[in-house]
Structures are given as C-alpha cells and as structure tokens.
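Trainee: Numbering (this note's numbering), first residue to last: 8 to 269. Just so you know, even glycine gets a beta-carbon here, dropped at the ideal spot from N, CA and C. Being a predicted model, the structure only gives us computed values, none of them experimental.
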Amino acid sequence: MAEFVTLETSDDHPGVGTILLNRPPMNALNRQVQSELAAAAAQATDRDDIKAVVVYGGPKVLAAGADIKEMNDMTYPEMAKVAGRLQSALGSISEIPKPTVAAIAGYALGGGLEVALGADRRIAGDNAKLGVPEVLLGVIPGGGGTQRLARLVGPAKAKDMIFTGRFVGADEALRIGLVDEVVAPDEVYNAALAWAGQFANAASVALAAGKKAVDQGLGVDLATGLKIEEQLFAALFATEDRKIGMESFVENGPGKARFTGK
C-alpha cells in the first residue's frame, strides 16, 4: 500500500484517474515518493478503466522539489548509481500512453516542475510559482528538467530559468508556454478533471498513437517523424475503434461513435 502517492478514481469523473502526491508539508520527492510515483504511473498505464490522468499535489503545492536532506551527504559514486532511477521516476508521467494533465496549485519547483513537465498539459492557479532552482544548491535539474523545459519554452527561456533559479509566476508561465491555462487556485483541480474528462469515451488506441507520434517525432528529423506517423496511422486500421468510428461517421455523422478502446 503506497504511503505518499496514490492513484484514485471517482464515480463523478468516470474514466479519469488522479495521481495524488500527499507528503506534507511540501510533497518533497524523496526516494520513496519517487518509487511510488513510478508505480502509480505504471498502474495508470495498465488500467483499462482509466482513459486520462490528472497529477495533483493538493491546494497548496504540487511538489517543492527533491528531498535535499536525503541528498546532502551523497557522494558522486552514490548519485551516479541512482541518478537514472531519479530521472526515470520524475519523468514517469511522460510514459503514460494516455492524455495527462498536471494541476498546479501553489509551488511546482525543481523535481515538482519536472513531474509537471512530463504531462501533456499544465493547468496552474494564478498563485502558482514554478521554477528550477537547483543552481542555488550548486547542481542542475536532474529529473529531465534541462531537456523537457528547453523543448517546451525554447532554449533561451529555459537557460534563463536554469541559470538564475528564479520563480516564474502564473502570468509569465502562460506567456512563455510553460503552462497552458491559468485559473483561480480553487478551480485548478476541477479544470484539470474537466480537461481529462473529455477523453473518457474517446478512441484510446488512437489517442495513444497520436501521443506517441508527437513525442517520438520531436526527437528525430522531419523525414523520420513522418515515417513514424505513417506506421502509427496505418496500424490503427487494425483496431475495432477505427472500424466503429468510420462506420458511425458514414451512418450518423461525426461525434457519435461509441468506442471500445480496442
């Protein structure tokens, strides 16, 4: 039974799973939290009843970074052994082949922001503070932050955040594309649930293919990316959902198909 990270569902929002971080007061991401986060992401991937995922840390903080007390006495050989696991765990949200959204109320700093960067969408409260302040500790982001942040906001803006360690407010985060929507703090979770809820009855195999095409395509040249798209597109013609969707369109017009997720 997980202590600090749980995967929860509700009858009020069928098809949506919430990965909830709950290690008061600041959801510091120690090794146990990292392990539980990776396990929750794997569970969300495997469960057929979950079609989309919200990542949430409560009304005050998503997560304020790694547990520095845990790292303080670590040597280079010790960190070299676990750095890959840390990066994998904090990036585990990115591996869920379903639509994902981070609901950010309050702080998302260091590893907390790295967790949010793995989501497909980020919704923040207007009180949110986001940043990668690792340089103030004499290190750099190690949970994927240097790579995902640069791909999201561009290298110059990412370097500014990484070099200075400054906190970015909600308005600036929206302007530079670090978050996609800003709402009142007490509406963050509801807004994330509403976005994720769109996909409860969607063609989940097609959603996974679309996500894979974009994510894999970003790491290769255009010609290779187009081949990835070609193969994924063609493969969907082996699915029940493709047959259901096209037959429904021909018979009833768009938007009326009842997909099976197969």
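1) Among the residues of its own chain, which have a CB less than 7 Å from the CB of R30, if the five just before and after it don't count?
2) What is the residue span of the beta strand (DSSP E) that V108 lies within?
3) Taking the alpha-carbon of D19 as reference, which of A201, T153 and R155 has the nearest alpha-carbon?
4) What distance in whole Å lies between the Cβ atoms of A220 and L243, which are believed to be in contact at a cut-off of 8 Å?
5) What are the start and end residues of the alpha helix (DSSP H) that includes G138?
6) Count the other CB atoms, across all protein chains shown, that sit within 10 Å of the CB of F266; report buried if there are 16 or more and exposed otherwise.
7) In the DSSP output, what is I26 paired with across the bridge?
8) Have a look at D228, T231 and L214 and flag the residue whose alpha-carbon is nearest the alpha-carbon of G268.
9) What span of residues does the alpha helix (DSSP H) with L185 cover, start to end?
10) Can you name, in chain order, every residue of its own chain whose Cβ lies under 7 Å from the Cβ of L225, other than the five neighbours on each side?
11) Return the first residue and the last residue of the alpha helix (DSSP H) that V195 is part of.
12) In or out: N34 buried (at least 16 other Cβ within 10 Å) or exposed?
13) Spatial neighbours of K164 within its chain, please: CB distance less than 6 Å, with the 5 preceding and 5 following residues excluded, ordered by chain position.
14) For G172, collect the residues of the same chain with a Cβ closer than 8 Å to its Cβ; drop the 5 residues on either side in sequence, then sort them by chain order.
15) Taking its Cβ as the centre, do 16 or more other Cβ atoms sit within 10 Å of R129, making it buried, or is it exposed?
16) Less than 8 Å between the C-beta atoms of G132 and V60, yes or no?
17) Hey, would you say Y271 sits closer than 8 Å to L69, going by beta carbons?
18) Answer yes or no: do G204 and V62 have a C-beta to C-beta separation smaller than 8 Å?
Mentor: Taking the geometry as given:
1) Translated into positions along the sequence shown, residue 30 becomes position 23. So the qualifying residues of the chain are F11 and V40.
2) Taking the sequence shown and counting its residues from 1, the one referred to as residue 108 is at position 101. Where V108 is concerned, the enclosing beta strand (DSSP E) stretches over T107 to I111.
3) Looking up residue 19 in the sequence shown gives position 12. Comparing Cα positions, the closest option is A201.
4) For the purposes of this step, residue 243 is taken as the residue at position 236 of the sequence shown. For the purposes of this step, residue 220 is taken as the residue at position 213 of the sequence shown. L243 to A220, Cβ: 11 Å. No contact.
5) Position 131 of the sequence shown holds residue 138. Taken as a continuous stretch (DSSP letters only), G138 belongs to no alpha helix (DSSP H), being part of the beta strand (DSSP E) at K136 to G138.
6) Translated into positions along the sequence shown, residue 266 becomes position 259. Burial call: buried.
7) Walking along the sequence shown from the start, residue 26 turns up at place 19. Answer by DSSP bridge pairing, in chain order: L14 and V62.
8) Within the sequence shown, residue 268 is the residue found at index 261, counting from 1. Cα-wise, what sits closest to G268 is L214.
9) For this step, residue 185 is matched to residue 178 along the sequence shown. Taken as a continuous stretch (DSSP letters only), L185 belongs to no alpha helix (DSSP H), as it is neither H nor E.
10) Position 218 of the sequence shown, counted from the first residue, corresponds to residue 225. Closer than 7 Å at the Cβ level, and outside the excluded window around L225, lie R158.
11) Taking the first residue of the sequence shown as 1, we reach residue 195 at position 188. Residues V195 to G204.
12) Residue numbering aside, residue 34 sits at position 27 when the sequence shown is read from its first letter. Counting Cβ neighbours within 10 Å, N34 comes out buried, since at least 16 surround it.
13) Translated into the one-based positions of the sequence shown, residue 164 becomes position 157. Excluding sequence neighbours, K164 sits near I183.
14) Looking up residue 172 in the sequence shown gives position 165. So the qualifying residues of the chain are G138, V139, P140, E141, V142 and L143.
15) Position 122 of the sequence shown, counting from 1, holds the residue named residue 129. With 16 or more other Cβ atoms within 10 Å, it is buried.
16) Here residue 132 refers to the residue found at position 125 of the sequence shown. Here residue 60 refers to the residue found at position 53 of the sequence shown. No, Cβ-Cβ distance for G132 and V60 is not below 8 Å.
17) Nothing about residue 271 can be read from this structure; the chain reaches only from 8 to 269.
18) To locate residue 204, count along the sequence shown from 1; it is residue 197. To locate residue 62, count along the sequence shown from 1; it is residue 55. Taking 8 Å as the Cβ cut-off, G204 and V62 do not qualify as a contacting pair.
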